[in-house]
Amino acid sequence: MAEPLLRIREISKSFGSVAANVDISFDVAEGEILGLIGPNGAGKSSLFNIIAGEIVPDRGEILFAGQRISGIGAVACAKLGIGRTFQVVRSFDSMTVLENVMVGAFLRARRTRAALRRAEEVIALCGLAGRSDTAAHRLSPPEKRRLEIARALATEPRLLLLDEVLTGLTPTEAREGMQLVRGLRAQGITIIMVEHVMEVLLPLVDRAVVLNLGRKLMEGVPAEIVRHPEVIRAYLGDRYSG
Amino acid sequence: MVGRAGRALLSRRRRELFFGVIVLALLAALPLGVHGAYLRGLIVLALLYAGLSQAWNILGGYCGQISLGHALYFGIGAYTSALLFTRVGISPLIGMFAGGLLSGLSALLVGIPCFRLSGHYYAIATIVIGMMAALLASNWDFINAAQGITIPFHGEAWQNLQFRTAVLPFHYVMLVYAALMWLIAWVIEGSRWGFHWRAVKDDVTAARSLGVSIYPSKLAAAAISGAATGIGGALYAQYVGFIDPESAFDLSLSVLIALPAVVGGIGTLWGPLLGAAVLIPVQQLSVAWFGSAAGGIDLMVYGALIMVLALSRPEGLVSFFHTRARQEVIDHG
């Protein structure tokens, strides 16, 4: 088997007395869609932000394409090819959709025209072509999620971190979102998705890692996950397990 | 191949440039229709402040770092050029760039510690540093302390930036300055740096996730803004022929530099010019009508005007000219 694109090795992180992540280890293969699931407070967001370079872990290390990235910071992670979205959308509200995405495109493009072309490309890919000239804050919530994805894609990432991009969508919107994610993987982008709703995530991912109370509960293919009694207990309580 | 939305953006920028050339031509022709030293002097001052405020706008408007200490850079530019001219005999045409260089460097020095602060704390720190500089300048004998520097008349010559009829040539000097500042802002708006700076202003966390280095971005904006302000200070020194800590380093000057951009439209191409065109005449006329001695009535009128503008047009005077589509972006505030 080829070297995994991302190796997470014994990551621990505490905020004060709260242990958000304890000894988390797993690998993500190139071209894979990996789900990161778990109930509220499982430590998904913390781990997600550690991979994106926004939070420095207390212990452990993360290797991206063989290079140690834990502690190098969000800017360096972006430059190496890790793109991300935010759970609470963070659009640049003084700019249009096109301008928002151009900020991302300028990571690789030096010239304005090149950035423009790249931005238009990913805007079309994300189904926002008709909205390019719209002010970012005018977008509907699902459109804002798409803008987040477009902006991250404009940086030409090898690994894309999606934070609850399918949460709160109507079934139609969620289906369109899933198509978009599959399309991205078809382009060779490796994807880690965080969701706390399992039904949304499991049909989409190759494998999932389940977190509970800061620890890794298990990892496996979707069929294994849904049958696992520990997972059912974590999500639904003791009454439903076994 | 650039698509439809991209072409719209590029053609909007070309329109701005075209419009800028027309405004430049109109302003160049303005002395033909305006006579009298007083009115012409008013316009020279308005052009100077349009340039200064645009220089401020680079950092305050585009990058979102509100500085209330720009008098520091103005003063360093003015003093450097004036000292080089009076003591060493170096032409202000060279001296203003030396002044600009020193101002830019000092903006970096201020930025290195102060950009570790965020939001209002940065603004407060710049006020304090500006006031400290004013105090130092008033007590530093090498630069004549509180007495200031008088620039003697060396005869009418462009290389001295001195003219017997001081107003008309300075109309063009200040016009070139304001036009260059406008052009710098126009270039920045369409460039990688401009996009990075606006991203820093809107959301630093999102900017970082897209590979934008926050601290270097702020420092670059500050250095350019400071240098551009220093050049304006040097021009002012040659125009007035006398500078002292009161006229070159005072906190009120920092406010005057920031105000046209804020009132005209912060972070916009035309805001500083529009703001200066309204504020400078009003300020000068209210002094003329009510007298600066009459218990500060001039300042009350001035303050009232700014309040009315801020309440009725919070996004600045430029919003009178916006198309609906552009307005949507700005409305958010």
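In the order they appear, the protein sequences are chains C and A.
For the first sequence, the positions run 15 to 256 when the numbering used here is used.
For the second sequence, the positions run 11 to 343 when the numbering used here is used.
By construction, the Cβ of each residue, glycine as well, lies at the ideal position given by its N, Cα and C atoms.
Listing by chain order, which chain A residues have their CB less than 7 Å from the CB of residue i?
| i | result |
| --- | --- |
| methionine 116 of chain C | Phe205 |
Tell me the DSSP bridge mates of residue i?
| i | result |
| --- | --- |
| glycine 97 of chain C | C:Leu174 |
| serine 26 of chain C | C:Arg73 |
| valine 223 of chain C | C:Leu50, C:Glu233 |
| glutamate 209 of chain C | C:Ile51 |
| phenylalanine 40 of chain C | C:Ile22 |
| asparagine 170 of chain A | Answer is none; asparagine 170 of chain A lacks a bridge partner. |
| isoleucine 253 of chain A | A:Ile159 |
| asparagine 35 of chain C | C:Lys27 |
| alanine 149 of chain C | C:Thr110 |
| threonine 184 of chain C | According to DSSP, which records beta bridges pairwise, threonine 184 of chain C is partnered with nothing at all. |
| glutamine 81 of chain C | C:Phe78 |
| threonine 204 of chain C | C:Leu173 |
Anything in chain A within Cβ reach of residue i, meaning under 9 Å, just list it in chain order.
| i | result |
| --- | --- |
| methionine 109 of chain C | Phe205, Arg208, Ala209, Asp212, Val339 |
| leucine 121 of chain C | Leu220, Gly221, Val222 |
| valine 223 of chain C | None at all; the shortest Cβ gap to chain A is about 22 Å. |
| arginine 160 of chain C | The contacting residues do not exist; arginine 160 of chain C stays about 15 Å from chain A at best. |
With a threshold of 7 Å on Cβ separation, who are the neighbours of residue i within its own chain once the five nearest residues in sequence on each side are excluded?
| i | result |
| --- | --- |
| tyrosine 225 of chain A | Phe125 |
| alanine 166 of chain C | Gly97, Arg98, Thr99, Gly118, Leu174 |
| arginine 323 of chain A | Ser329 |
| leucine 130 of chain C | Met116 |
| glycine 343 of chain A | For glycine 343 of chain A, the predicted structure reports a pLDDT of 41, less than 50, and the residue's modelled location is therefore unreliable. The matter cannot be settled from this model. |
| glutamine 293 of chain A | Tyr312 |
| leucine 94 of chain A | Ile100, Gly105, Ala108 |
| arginine 145 of chain C | Val111, Leu153, Glu157 |
Shortest alpha-carbon distance to residue i belongs to which of the options?
| i | options | result |
| --- | --- | --- |
| valine 273 of chain A | A:Leu289, A:Ser262, A:Ala258, A:Leu115 | A:Leu289 |
| tyrosine 312 of chain A | A:Ser296, A:Leu321, A:Gly326 | A:Ser296 |
| arginine 82 of chain C | C:Ile205, C:Leu19, C:Tyr249, C:Ser26 | C:Leu19 |
| arginine 132 of chain C | A:Gln157, A:Leu193, A:Tyr59, A:Gly16 | A:Gly16 |
| phenylalanine 78 of chain C | C:Phe40, C:Arg152, C:Leu231 | C:Phe40 |
| serine 219 of chain A | C:Phe62, C:Arg189, C:Arg199 | C:Phe62 |
| tyrosine 246 of chain A | A:Gly281, A:Gly236, A:Met106 | A:Met106 |
| glutamate 75 of chain C | C:Tyr249, C:Val211, C:Ile25 | C:Ile25 |
| tryptophan 280 of chain A | A:Ile122, A:Gly99, A:Ala188 | A:Ala188 |
| threonine 110 of chain C | A:Pro270, A:Phe205, A:Phe252 | A:Phe205 |
| proline 53 of chain C | C:Leu231, C:Arg241, C:Glu238 | C:Leu231 |
| leucine 50 of chain C | C:Arg229, C:Val208, C:Asp220 | C:Val208 |
| serine 108 of chain C | A:Leu111, A:Tyr132, A:Asp212, A:Ala286 | A:Asp212 |
Which same chain residues end up closer than 6 Å to residue i when comparing Cβ atoms and leaving out the 5 residues on each side of it in sequence?
| i | result |
| --- | --- |
| arginine 122 of chain C | Glu170 |
| glycine 85 of chain C | Val70 |
| methionine 192 of chain C | Leu218 |
| threonine 278 of chain A | Val328 |
| alanine 254 of chain A | Here residue 254 of chain A is aspartate; the residue named in the question, alanine, does not match the sequence. Within the same chain, aspartate 254 of chain A has close Cβ partners Gly158. |
| tyrosine 249 of chain A | Phe180 |
| leucine 80 of chain A | Position check: residue 80 of chain A holds histidine in this sequence, whereas leucine was assumed. Excluding sequence neighbours, histidine 80 of chain A sits near Trp66, Thr239, Ser264, Ile267. |
| alanine 232 of chain A | Leu69, Ala117, Gly121 |
| glycine 87 of chain C | Gly67 |
Quick one: what's got a C-beta closer than 8 Å to residue i's C-beta in the same chain, skipping five residues either side?
| i | result |
| --- | --- |
| alanine 18 of chain A | none |
| alanine 43 of chain C | Met15, Ala16, Pro18, Leu19, Thr204 |
| glycine 165 of chain A | Gln172 |
Write down the C-beta distance between residue i and residue j rounded to the nearest angstrom, noting that I regard them as a contact closer than 8 Å.
| i | j | result |
| --- | --- | --- |
| glutamine 75 of chain A | leucine 69 of chain A | 5 Å |
| glycine 182 of chain C | arginine 160 of chain C | Rounded, the Cβ-Cβ distance is 13 Å, inconsistent with contact. |
| valine 54 of chain A | methionine 184 of chain A | 5 Å |
| phenylalanine 259 of chain A | alanine 143 of chain A | 6 Å |
| leucine 266 of chain A | glycine 275 of chain A | 17 Å between Cβ atoms; not a contact. |
| alanine 222 of chain C | proline 243 of chain C | Not a contact, Cβ separation roughly 16 Å. |
| tyrosine 72 of chain A | tryptophan 207 of chain A | 5 Å |
| isoleucine 161 of chain A | glycine 51 of chain A | Contact doesn't hold; Cβ gap of about 17 Å is too wide. |
Report the neighbours of residue i on chain C: residues whose CB is nearer than 8 Å to its CB, in chain order.
| i | result |
| --- | --- |
| valine 12 of chain A | Arg127, Leu130, Arg131, Glu134 |
| alanine 193 of chain A | According to the sequence as given, residue 193 of chain A is leucine; it is not alanine. Correct list: empty, because the minimum Cβ distance to chain C is about 16 Å. |
Could you tell me which chain C residues have their CB closer than 7 Å to the CB of residue i, listed as they occur along the chain?
| i | result |
| --- | --- |
| glycine 200 of chain A | Thr126 |
| alanine 15 of chain A | Leu112, Glu134, Ser146, Asp147 |
Can you name the residues of chain C whose CB is closer than 9 Å to the CB of residue i?
| i | result |
| --- | --- |
| threonine 215 of chain A | Glu68, Ala88, Phe100, Arg104 |
| alanine 18 of chain A | Leu112, Ser146, Asp147 |
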